[in-house]
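Asker: Quick one: structure below, then a few questions.
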Amino acid sequence: MSSGAGSGGNRSFADPGIVQTPTVSEPWSVEKVLATVAPAPPVEGTDSPVPYFHILERLKTNKREGWRRFGIERGESISDHMYRMSLMTMLCPPTLAPKLDLFKCMKMCLIHDMAESIVGDITPVDGVAKPEKSRREAETMDYISKNLLGKVYGGMAGAEIRAIWQEYEDSETLDSHFVHDLDKMELLTQMIEYEKRANKALDLGEFAYVATRIVLPEIKTWAEEVLKERDEFWGAKEHVHGEAGVDGGVGAEKVQKQEAYYNKEDGAGA
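Below you can see the structure in the form of structure tokens.
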């Protein structure tokens, strides 16, 4: 490599580390998104897992979109979020752990947002109805499990990934409720971390709403600790309390969108 090859000066190519989720015409389809992948989408129908490995890279490059609305352009990726969730399973409280299949829960943490590799991260305020979001994600998981993994090792891995994703989506089992709670818990921890790094110049309090949708008592305790930590950080300075909804300073329309987004996923009784 020449001395100037890695200098970054006068480069003649787009930054390969930036991958934008494409906007495609309606009705949305996996095929339309794949048509934007340059120079070509992953090969389908092979008995090798390598094309699947390539599609996973999009989870590393695609950002969690909710933070972008607040000017955080180089925030966490989708895979960053799922990785910390998976590590959280290892600290499952002993009162809860014997009731769970923690190995499956760890897999579920790493799988639950896999469809966002193609769909992108759709947030509560993006204007995409929950049924349409679910349709896009299910179509993507079918593409991954069948088109990319259907002939890999007899299709067993693809079928397991698809089943675990569906269990998370259906949100009817204790394992899935635990992972949904971790999804919200990870968001809460990231919220306060960004606020601290911005030294009170950035109020992300609207995201604290998710604390109200945590189901399991053990994870509620974790969330309460984070919210207490947040209040102590802000002190006397006025800040948004998303956990209190409109009364906490969040607009009524935004609260309505949050409720519509989270209503189905929390399972029966939520």
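For the sequence shown, this note's numbering gives the first residue as -3, with consecutive numbering after it. We treat Cβ as the ideally placed atom computed from N, Cα and C, and that holds for glycine.
For N259, count neighbouring Cβ atoms within 10 angstroms of its own Cβ and tell me buried if that reaches 16, exposed if not.
Answerer: With fewer than 16 other Cβ atoms within 10 Å, it is exposed.
Asker: Give me the Cα-Cα distance between R64 and T119, rounded to the nearest whole angstrom.
Answerer: Approximately 11 angstroms, taken between the alpha carbons.
Asker: To test your reading of the DSSP string, which unbroken alpha helix (DSSP H) runs of 4 or more residues are found completely within the segment 18 to 66?
Answerer: DSSP runs (the alpha helix (DSSP H)) wholly in the segment 18 to 66: 26 to 30, 46 to 57.
Asker: Pull the bridge partners of S73 from the DSSP assignment, please.
Answerer: BP columns for S73 point to K59.
Asker: Leaving out five residues before and five after K107 in sequence, what residues of the same chain have Cβ atoms less than 6 angstroms from its Cβ?
Answerer: In the sequence as displayed, the identity of residue 107 is Ile instead of Lys. I157, I160, W161, listed in sequence order.
Asker: Give the secondary structure of R193 by DSSP, where H, G and I count as helix, E and B as strand, and everything else as coil.
Answerer: Helix.
Asker: Can you tell me the Cβ-Cβ gap for G71 and R54, rounded? I've got them flagged as a contact below 8 angstroms.
Answerer: Not really, about 16 angstroms apart at Cβ, beyond 8 angstroms.
Asker: How is T173 classed by DSSP in three states: helix, strand or coil?
Answerer: Checking the displayed sequence, the identity of residue 173 turns out to be His instead of Thr. Of the three classes helix, strand and coil, the one that applies to H173 here is helix, per DSSP.
Asker: What are the uninterrupted segments assigned as alpha helix (DSSP H) that are 4 or more residues long and contained completely in the segment 81 to 167, given in chain order?
Answerer: Whole alpha helix (DSSP H) segments, 4+ residues: 98 to 107, 112 to 115, 126 to 138, 152 to 166.
Asker: The alpha helix (DSSP H) spanning I215 covers which residue range?
Answerer: Residues 213 to 230.
Asker: Since K253 is in the alpha helix (DSSP H), which residue starts that stretch and which ends it?
Answerer: Where K253 is concerned, the enclosing alpha helix (DSSP H) stretches over 248 to 258.
Asker: Under 8 angstroms, with one C-beta from each stretch per pair, do the segment 218 to 229 and the segment 178 to 189 reach the 3-pair mark?
Answerer: Touching, per the Cβ criterion.
Asker: By the three-class DSSP mapping on this structure, what secondary structure does G238 have?
Answerer: Helix.
Asker: According to DSSP, simplified to helix, strand and coil, what is G263?
Answerer: Any reading at G263 is ruled out, since the residue's pLDDT is 45, under 50, leaving its predicted position unreliable.
Asker: I need the straight-line Cα distance from L170 to L212, nearest angstrom please.
Answerer: Distance between the alpha carbons of L170 and L212: 9 angstroms.
Asker: Considering only their Cβ atoms, is the gap separating M81 from E182 smaller than 7 angstroms?
Answerer: Contact flag set, yes.
Asker: So T136 packs on V115, CB below 8 angstroms; how close in whole Å?
Answerer: Indeed they touch by this definition, with Cβ atoms about 6 angstroms apart.
Asker: Grab me the residues of D177's own chain with a C-beta within less than 7 angstroms of its C-beta, minus the 5 sequence neighbours each way, in chain order.
Answerer: Result list for D177: I210, V211, L212, I215, in chain order.
Asker: Looking only at C-alpha atoms, which of G247, A194, E249 sits nearest to G67?
Answerer: Among G247, A194, E249, the Cα nearest to that of G67 belongs to A194.
Asker: In chain order, what residues of the same chain lie with their CB nearer than 7 angstroms to the CB of G238, ignoring the 5 residues before and after it?
Answerer: Within the same chain, G238 has close Cβ partners G201, E202, F203, A204, Y205, G244, V246.
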